[in-house]
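*Asks:* Have a look at the structure that comes next, please.
Protein chains: 2
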Amino acid sequence: MNIIDTGAAAWLTYLPMEIPQGETTQDIARSELRAGLSSLGFAAKVDVIEDDKGEGFEITQSQDGYVIKGGKTGVLYGVYHFLSAIAREESPLTPFTAPHYPLRMINHWDNMDGSVERGYAGRSLFFKNHQLDYDEQRIHRYARMLASVSINAICPNNVNVHPPMDLLITKTYLPQLKKLADILRLYGIRLLLTIEYSMPSYHGAGTADPHEKTVHTWWEERAAEVYRYIPDLVGFLVKADSEYRPGPFTYGRSHTQGANMLARALAPYGGKLFWRCFVYNCKQDWRDTETDRPKAAFATYAPLDGEFDDNVVLQIKNGPLDFQVREPASPLLYAMPNTNKALELQIAQEYTGHQIDLFYLAQLWRDVLTQLPKGAAQYIAAVGNLGDDDNWCGHDLAQANLYAYGRIAWLGESHPEQFAAEWARLTYPQAAEEVADILLASPAAYEKYAAPLGLGFMVNPHIHYGPSPEGYEFSLWGTYHRADQTAIGVDRSSRGTGFTGQYPDQFGALFDDPATCPEKLLLFFHRLRYDHVMADGRTLLQRIYDDHFNGAQEAEALKAAWEQLKDKMPERTFERVLARFERQVKNAREWRDVINTYFYRKSGISDARGRMIYS
Amino acid sequence: MNIIDTGAAAWLTYLPMEIPQGETTQDIARSELRAGLSSLGFAAKVDVIEDDKGEGFEITQSQDGYVIKGGKTGVLYGVYHFLSAIAREESPLTPFTAPHYPLRMINHWDNMDGSVERGYAGRSLFFKNHQLDYDEQRIHRYARMLASVSINAICPNNVNVHPPMDLLITKTYLPQLKKLADILRLYGIRLLLTIEYSMPSYHGAGTADPHEKTVHTWWEERAAEVYRYIPDLVGFLVKADSEYRPGPFTYGRSHTQGANMLARALAPYGGKLFWRCFVYNCKQDWRDTETDRPKAAFATYAPLDGEFDDNVVLQIKNGPLDFQVREPASPLLYAMPNTNKALELQIAQEYTGHQIDLFYLAQLWRDVLTQLPKGAAQYIAAVGNLGDDDNWCGHDLAQANLYAYGRIAWLGESHPEQFAAEWARLTYPQAAEEVADILLASPAAYEKYAAPLGLGFMVNPHIHYGPSPEGYEFSLWGTYHRADQTAIGVDRSSRGTGFTGQYPDQFGALFDDPATCPEKLLLFFHRLRYDHVMADGRTLLQRIYDDHFNGAQEAEALKAAWEQLKDKMPERTFERVLARFERQVKNAREWRDVINTYFYRKSGISDARGRMIYS
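Line by line, the protein sequences are chains A and B.
Quick note: the working numbering has the first sequence finishing at residue 618, numbered continuously throughout.
Quick note: the working numbering has the second sequence finishing at residue 618, numbered continuously throughout.
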């Protein structure tokens, strides 16, 4: 294999840049297979046989080669599986395999002006100047990339609906959306659309109160029209009563009532209603120590178990706070056995370095999934990290997160080492082990130099990049650490806000006691004195200092490891990634010094090892 | 006089809303006089006689009435003086009077998209959708209002020049600008324009290096063209090498070279070049304790005294930092005896409450002017607080600041009580004393609840409204207080950064010693322990606590005083202003609690009087 600039090709280096041809998913599968085999110089015969197994497939040996056998989309997944294995010089054979999650979704937070909320990879792939305006070739390559890791649904528009995005579900935009859906469908990918909950109130019905029959009718008419254009639409995604968005609470109604109304409009078409549970008081008074933001989602939804229609899916962020570097799994994911749930992850590195700093996410996701019982969520979604940058993700290595997410969505498990190895062997076969090592080392570095021990939110307000220890301390967002001269953190134990009580007993008890609470989550759950003695005998503050010195060093080590690859990488790739590592090293030093200085000024306690802490 | 909603009329309640008619300033003067006398029901005869005294005028008694005698603009000023006095039921007689500052300018920070940088009163009066697009009637009323307090020059465009604003000095916009200048000229007001220093580099000359003859020629041609359209243009205003704007330093040249080049292009037309001295390192590393931002302007410019051309004017902010609630006068204003200087004030309440909180500025300006020797600055400019809000300034009472600025610009002195009384008697004659009292009490309240004792910059980053004690603590802006467990502030004395050494000896010595330093500036100049004992025996920290409790109470008292006026005010005015006071009270409490809690958490020291400080 040649050493090419893989920015645009991502991990699909075994395919030519030309897009596949065909009018059905089977056509695409065969086209990709032909192109891939040719590109890989693979001579054996490979047959493709379609069966009725949907997304599942198997790959067996035939007399003179291989047989890929699968359902309509299964054969496409089988083809990618086959080519990927060959490219990685592994056996392509596999017994029948089918996806763990029936819906494996990417949520784009794209706005119709072309900006991307929490986007770190350029502008929107879909929207420009309030139009659906995309490069068709690029959408094919995007869809191919997603399909190669089994993503089968995308929501192109932001959960925060800014006008005229509300009109996407009207005739103004539906003809354009249909064309997008037609391309994606070739790759087994379906559309999902966010809607504006209050839309009936200003667009014909005069109110959006879910109690009103006129509002039901209004949504039924909307759904009918949308499904006329896009008959395989997955459904609607809604952010309601969340961060200033209107919702049922606006009308004094329950979320059951609001969600079921929408779900019933979608039901005749087999549509689902994804209802985000990111609901909390975003106008908290910092003086209020009773309200505890992580408790909000469980408190709001757990009592409603069993009251949602079958086609309602509650979409729940992995942590109870908001995509911080380190959080426990959301207690809501253990609850509501009689309700459909989707786990929401974030591939976009909002709080994890903006795709400037490297943060391979598969370990974080593993930590989430291994905490949860099998079947905790029936579906999976993730906020995308893609934009119109040539290399899709801003940071070339951030592509590994998209890859890993797809693999998790298929398997229902995260295997960070395996995914890193696969991705690196596909993308940088000439330096696969080194690159995988860099990926695997990255989250620990970031976690050490960022906010300590699960504390979170010591970031610059709004932008969420770089340190600001008290950036959120007196704000309305409910994310406080209340550090003083002697201690830091919020006591969320049974002796404090009682958040630990929302967990099943075995977890709750574990988290409740600082002695048994996982160390990396100590300051998520507890308020502790700086001189609190940790398991290894160090004080809490010394641990914080050590982590920050070490984290910044580890960032430098990541950069140094990359520099070792100079001769193995195409020059442009090397320089592009190196430039990111240089920014990361600077960022890591800033985190280290700001956080250490912050604690030093607060506590007056010096580093036991006498390293430089600015006063 | 009727009780009317004075929002739109401002203090010109003695004039009808109809705009004056005429084609010369004399026409306008006579038109205003007729309308005003009629509106006031004033029967005596008033003659207007033009002489050659320019802006000066005198008002004497005649056999059957009065004579207003003055130069071309003098008669207009005389008419406003006359009407104002009659409206206030005072004698209109005055011996010959002429302005202290020959140029009395408003700098608007308006952008061509219609937004206003640091604007708190709606959108731009001049620009919309990248065009000069204004309501002509409104510009007449604006000009009348400014002329009534002797403003004689305005710069409509922001010192931060965002494209296409650079093109204002080209044929693309000059015909539109000429029309604006033609209206303003009727009121004795001339235009000034900000320019983009680097413009020659991308607009024909290939560089903006002031060393290059082609750049000189380029500016000469620009100036020639601008003056063809607007022959009485005051000149250009420039923000160069400041906060990411390019300037001579970009080309390795001195500010003398850069400013003189521009001044020479303007000289043939009698134009002046206003060169802002807001030059400092805006990429400071917070770890760097050597660099001290307040020292920057003096260090940059003082050595250049005598090297600037006669038509260069250095425009210097009143304080060395940036329009904080409390700063010493800039040391640069004492220096450079052989250089023309303009004092730059800010009427826009960027750091003083956003025209939501009331902050009457005349006392702050008095404190500046009384610190400075007469003649420290030859000209005066101020950032405007105007926008397209019906009441011009967002807060009705903020009009008093515009009024006071005009009076200062004429007199060269600030008399807060007098100006407040004048303005209140004109605007709210039915409650003049009460309103004047509210104005006069307002700055002390704000100062107490904001950052303590001259410390400054404890505000929310970017927006500059509301408290954020460490908002700027680790930023690039050079505004740090370095609070720790025991002390706060930067030592700017001879034992610290040496900033006090930039002042004339008598001031430098005063500031240098905490014992003689004015108390309100203590933390501007000194780093002090929380237990530092103040003159009255309280500790520094107790003083901070007391100020914050008192300041919030004083804000409530302002609101209560306004509420007393319910029956004396037109309902809409009353409610509009009351709504602002309600926001101010909330804001003041937030300041109080955040600042007190911040210091309590840092120091561990409780309030001696046991009041509520949140932990």
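Backbone N, C-alpha and C define an ideal beta-carbon position, used for all residues, glycine too.
Keep in mind it's a predicted model, so treat the numbers as computed, not measured.
State yes or no: is the C-beta of B/ALA435 within less than 9 Å of the C-beta of B/ALA424?
*Replies:* As a working mapping, residue 435 of chain B is identified with position 432 in the second sequence. As a working mapping, residue 424 of chain B is identified with position 421 in the second sequence. Yes, Cβ-Cβ distance for B/ALA435 and B/ALA424 is below 9 Å.
*Asks:* Cα separation between B/PRO297 and B/PRO323?
*Replies:* One-based indexing of the second sequence puts residue 297 of chain B at position 294. One-based indexing of the second sequence puts residue 323 of chain B at position 320. Whole-angstrom Cα-Cα distance: 5 Å.
*Asks:* Using a C-beta cutoff of 9 Å, does B/GLU58 count as contacting chain A?
*Replies:* Looking up residue 58 of chain B in the second sequence gives position 55. No, its Cβ sits nowhere closer than 9 Å to a Cβ of chain A.
*Asks:* In three-state terms, what does DSSP make of A/TRP289?
*Replies:* By one-based count along the first sequence, residue 289 of chain A stands at place 286. If DSSP states are grouped into helix, strand and coil, A/TRP289 belongs with coil.
*Asks:* Using only the alpha-carbon positions, how far apart do A/ASN5 and A/SER42 sit?
*Replies:* By 1-based counting over the first sequence, the position of residue 5 of chain A is 2. By 1-based counting over the first sequence, the position of residue 42 of chain A is 39. Any reading at A/ASN5 needs caution, since the residue's pLDDT is 41, under 50, leaving its predicted position unreliable; the model's value is listed next. So the two alpha carbons sit approximately 11 Å from each other.
*Asks:* By the 8 Å beta-carbon criterion, what residues does the stretch 479-501 of chain B contribute toward chain A?
*Replies:* Going along the stretch 479-501 of chain B in chain order, one finds ARG485, ALA486, ASP487, GLN488 and THR489 with a Cβ nearer than 8 Å to chain A.
*Asks:* Name the chain B residues whose beta carbon is nearer than 9 Å to that of A/GLY607?
*Replies:* Taking the first sequence and counting its residues from 1, the one referred to as residue 607 of chain A is at position 604. Result: ASP487, GLN488 and THR489.
*Asks:* Using DSSP with H/G/I as helix, E/B as strand and the rest coil, what is B/ASP50?
*Replies:* Position 47 of the second sequence, counted from the start, is the residue given in the question as residue 50 of chain B. The answer is strand: DSSP assigns B/ASP50 an E or B state.
*Asks:* Run the CB neighbour count on B/ILE157, radius 10 Å, all protein chains shown included, and call it buried at 16 or more, exposed below.
*Replies:* The residue you call residue 157 of chain B lines up with position 154 of the second sequence. B/ILE157 is buried by the Cβ-count criterion.
*Asks:* Sorted by chain position, which residues of the same chain lie with C-beta nearer than 7 Å to B/THR503's C-beta, five sequence neighbours on each side aside?
*Replies:* One-based indexing of the second sequence puts residue 503 of chain B at position 500. Around B/THR503: ARG495, SER496, SER497, GLY511, PHE514, ASP515 and PHE528.
*Asks:* Quick one: give me the first and last residue of the beta strand (DSSP E) that A/GLU347 is part of.
*Replies:* For the purposes of this step, residue 347 of chain A is identified with residue 344 of the first sequence, where counting begins at 1. Its beta strand (DSSP E) spans residues 343-349.
*Asks:* Exposed or buried, what is B/PRO271 when buried is set at 16 or more other beta-carbons lying within 10 Å of its beta-carbon?
*Replies:* Your numbering for residue 271 of chain B matches position 268 in the second sequence. Exposed.
*Asks:* Compare the C-beta of B/GLU473 against all C-beta atoms of chain A and say whether one is closer than 9 Å.
*Replies:* Working through the second sequence from its first residue, we reach residue 473 of chain B at position 470. True, the Cβ-Cβ gap to chain A drops below 9 Å.
*Asks:* Which term fits A/PRO213, buried or exposed, when burial requires 16 or more other beta carbons within 10 angstroms of its beta carbon?
*Replies:* Translated into positions along the first sequence, residue 213 of chain A becomes position 210. By the 10 Å Cβ count, A/PRO213 comes out buried.
*Asks:* Determine the direct distance from the alpha carbon of A/THR576 to that of A/HIS396, and round the result to whole angstroms.
*Replies:* Taking the first sequence and counting its residues from 1, the one referred to as residue 396 of chain A is at position 393. Taking the first sequence and counting its residues from 1, the one referred to as residue 576 of chain A is at position 573. Checking the displayed sequence, the identity of residue 396 of chain A turns out to be Cys instead of His. Rounded to the nearest angstrom, the two C-alpha atoms are 13 Å apart.
*Asks:* Does any residue of chain B have a CB that is nearer than 9 Å to the CB of A/GLN545?
*Replies:* Counted from its first residue, the first sequence places residue 545 of chain A at position 542. No, because no Cβ of chain B sits closer than 9 Å to the Cβ of A/GLN545.
*Asks:* Please classify A/ASN5: does DSSP put it in a helix, a strand, or coil?
*Replies:* What you label residue 5 of chain A is simply residue 2 of the first sequence in a count that begins at 1. Note that A/ASN5 scores a pLDDT of 41, beneath 50, so its modelled location is shaky; the value from the coordinates is reported in the next line. In this structure, A/ASN5 counts as coil in the three-state DSSP scheme.
*Asks:* Quick one: is A/ASN132 buried, meaning 16 or more other Cβ sit within 10 Å of its Cβ, or exposed?
*Replies:* Against the first sequence, residue 132 of chain A aligns to sequence position 129. Burial call: exposed.
*Asks:* At 4 residues or longer, and completely inside the stretch 317-399 of chain A: list those alpha helix (DSSP H) runs for me, N to C.
*Replies:* Those alpha helix (DSSP H) runs which fall completely within the stretch 317-399 of chain A and span 4+ residues are 365-374.
*Asks:* A/ASP596 versus chain B: which residues are under 8 Å apart at the beta carbon?
*Replies:* Looking up residue 596 of chain A in the first sequence gives position 593. Ordered by position in chain B, the residues that pass the 8 Å Cβ test against A/ASP596 are ARG290.
*Asks:* Taking just the CA atoms, how far does B/MET537 sit from A/ALA365?
*Replies:* By one-based count along the first sequence, residue 365 of chain A stands at place 362. By one-based count along the second sequence, residue 537 of chain B stands at place 534. Looking at the two C-alpha atoms, the distance is approximately 58 Å.
*Asks:* Does the beta carbon of B/PRO455 come closer than 9 Å to any beta carbon on chain A?
*Replies:* Within the second sequence, the letter at position 452 stands for residue 455 of chain B. Not an interface residue.
*Asks:* Where does the unbroken alpha helix (DSSP H) through A/THR217 begin, and where does it stop?
*Replies:* By one-based count along the first sequence, residue 217 of chain A stands at place 214. Looking at the DSSP string, the run of the alpha helix (DSSP H) that includes A/THR217 is 216-232.
*Asks:* Drop a sphere of 10 angstroms on the beta-carbon of B/HIS465, count the other beta-carbons inside from all chains shown, and report buried for 16 or more, exposed for fewer.
*Replies:* Position 462 of the second sequence, counted from the start, is the residue given in the question as residue 465 of chain B. Looking at its Cβ environment, which holds fewer than 16 other Cβ atoms inside 10 Å, B/HIS465 is exposed.
*Asks:* Kindly indicate which three-state DSSP category B/THR600 falls into: helix, strand or coil?
*Replies:* Taking the first residue of the second sequence as position 1, residue 600 of chain B is located at position 597. If DSSP states are grouped into helix, strand and coil, B/THR600 belongs with the helices.
*Asks:* Spatial neighbours of A/GLY81 within its chain, please: C-beta separation below 8 Å, excluding the five flanking residues on both sides.
*Replies:* Counting from one through the first sequence, the residue named residue 81 of chain A turns up at place 78. So the qualifying residues of the chain are ALA32, VAL51, PHE60, GLU61, ILE62, ILE71, LYS72 and GLY73.
*Asks:* Using beta carbons (cut-off 9 Å, strictly below), is B/THR622 in contact with chain A?
*Replies:* With chain B covering only 4 through 618, there is no way to say anything about residue 622 of chain B.
*Asks:* Three-state secondary structure (DSSP) at B/GLY613?
*Replies:* Here the question's residue 613 of chain B lines up with position 610 in the second sequence. B/GLY613 falls in the coil class under three-state DSSP.
*Asks:* Can you say whether A/MET461 is buried or exposed, counting buried as having 16 or more other CB atoms within 10 angstroms of its CB?
*Replies:* Along the first sequence, one-based indexing puts residue 461 of chain A at 458. Buried, because 16 or more other Cβ atoms sit within 10 Å of the Cβ of A/MET461.
*Asks:* Give the straight-line distance between the Cα atoms of B/THR173 and B/TYR205, rounded to the nearest whole angstrom.
*Replies:* By 1-based counting over the second sequence, the position of residue 173 of chain B is 170. By 1-based counting over the second sequence, the position of residue 205 of chain B is 202. In a straight line, the C-alpha of B/THR173 is about 14 Å away from that of B/TYR205.
*Asks:* Using a Cβ-Cβ cut-off of 9 Å, state whether A/ARG604 counts as contacting chain B.
*Replies:* The residue you call residue 604 of chain A lines up with position 601 of the first sequence. At least one chain B Cβ lies under 9 Å of A/ARG604.
*Asks:* Rounded to a whole number of angstroms, what is the C-alpha to C-alpha distance between A/ILE350 and B/VAL580?
*Replies:* The sequence position of residue 350 of chain A within the first sequence is 347, counting from 1. The sequence position of residue 580 of chain B within the second sequence is 577, counting from 1. Going by the C-alpha atoms only, they are around 48 Å apart.
*Asks:* Buried or exposed for B/LEU479, going by 16 or more other Cβ atoms inside 10 Å?
*Replies:* Within the second sequence, numbered from 1, the residue matching residue 479 of chain B stands at position 476. Exposed, because fewer than 16 other Cβ atoms sit within 10 Å of the Cβ of B/LEU479.
*Asks:* Can you give me the start and stop residues for the beta strand (DSSP E) that A/ILE71 sits inside?
*Replies:* Working through the first sequence from its first residue, we reach residue 71 of chain A at position 68. Note, A/ILE71: beta strand (DSSP E), 68-73.
*Asks:* Which residue spans inside the stretch 241-293 of chain B form an unbroken beta strand (DSSP E) run of at least 3?
*Replies:* Within the stretch 241-293 of chain B, the complete beta strand (DSSP E) runs of at least 3 residues are 275-279.
*Asks:* Under the assumption that A/GLY1 contacts A/ASN394 (Cβ atoms under 8 Å), give the Cβ distance between them as a whole number of angstroms.
*Replies:* Nothing can be reported for residue 1 of chain A: it is not among the residues displayed for chain A, which extend from 4 to 618.
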